[in-house]
């Protein structure tokens, strides 16, 4: 009989928190079960093994990041929206170092849940960039530009690759300014 209060959501959320506490470490069923105070077979009522656990954390991470970015853009347009989501993106990645890399993966072919949550995340960016009157290929290119710029900075920061004696917040602000300048000029190129 499953432990009271134990659900698929509770298992995934607990595992996601564990992953953030030990980023880069392989997270297994036994460790999650021990953390939850249950025996490993009890988890199989809620997830489909280690693969199901990883998939669940990935879906959770993508959905949470999409929500955070969407909330950061509410009531804002253009530069303010880009600034808001950039700050939120960086903060979320730093707060969730184990989950963040899972958000970078393209949807698995044929995985409808992954395709849906990934589309939600990209649509947040499309909505923000539509304020720059971008569509079609320009919108796709601008989305790739925005994502790769933010990811590049965050990846370098979270792996301690920035060692020069310069304030990172200032550098990030300059990055955001460069992004918005480029987006303002996007249609002219």
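Numbering (the working numbering), first residue to last: 647 to 835.
Ideal placement from N, C-alpha and C gives every residue a C-beta, glycine not left out.
Rounded to whole angstroms, what is the Cα-Cα separation between residue 742 and residue 781? Rounded to whole angstroms, residue 742 and residue 781 show a C-alpha spacing of 32 Å.
Quick check on the DSSP output: what are the complete alpha helix (DSSP H) runs of length 4 or more inside the region 680 to 738, in order along the chain? If we require 4 residues or more, the alpha helix (DSSP H) runs fully inside the region 680 to 738 come out as 686 to 689 and 695 to 719.
Would you grab the beta carbon distance between residue 730 and residue 719 for me? Rounded to a whole angstrom, and I think it's under 8 Å. Rounded to the nearest angstrom, the Cβ distance from residue 730 to residue 719 is 6 Å, consistent with a contact under 8 Å.
Expressed to the nearest angstrom, what Euclidean distance is found between the alpha-carbon atoms of residue 744 and residue 666? The C-alpha of residue 744 lies about 4 Å from the C-alpha of residue 666.
Distance between residue 763 and residue 708 (C-alpha atoms, nearest Å): Straight-line Cα distance between these residues: approximately 6 Å.
Going by DSSP in three states, residue 778 sits in which element: helix, strand or coil? If DSSP states are grouped into helix, strand and coil, residue 778 belongs with coil.
Can you list, in chain order, the residues of its chain whose CB lies under 8 Å from that of residue 647, leaving out five sequence neighbours each side? Only weak support exists for where residue 647 lies, its pLDDT of 40 falling under 50; the coordinates are left without a value.
Going by C-alpha distance, which of 768, 753 and 767 is nearest residue 761? Among 768, 753 and 767, the Cα nearest to that of residue 761 is on 753.
Alpha carbon of residue 655 to alpha carbon of residue 833, nearest angstrom: Approximately 43 Å, taken between the alpha carbons.
On the CB-based measure, 16 or more other CB atoms within 10 Å of its CB, does residue 756 come out buried or exposed? Burial call: exposed.
For residue 660 and residue 812, I'd like the C-alpha separation in whole angstroms. Approximately 36 Å, taken between the alpha carbons.
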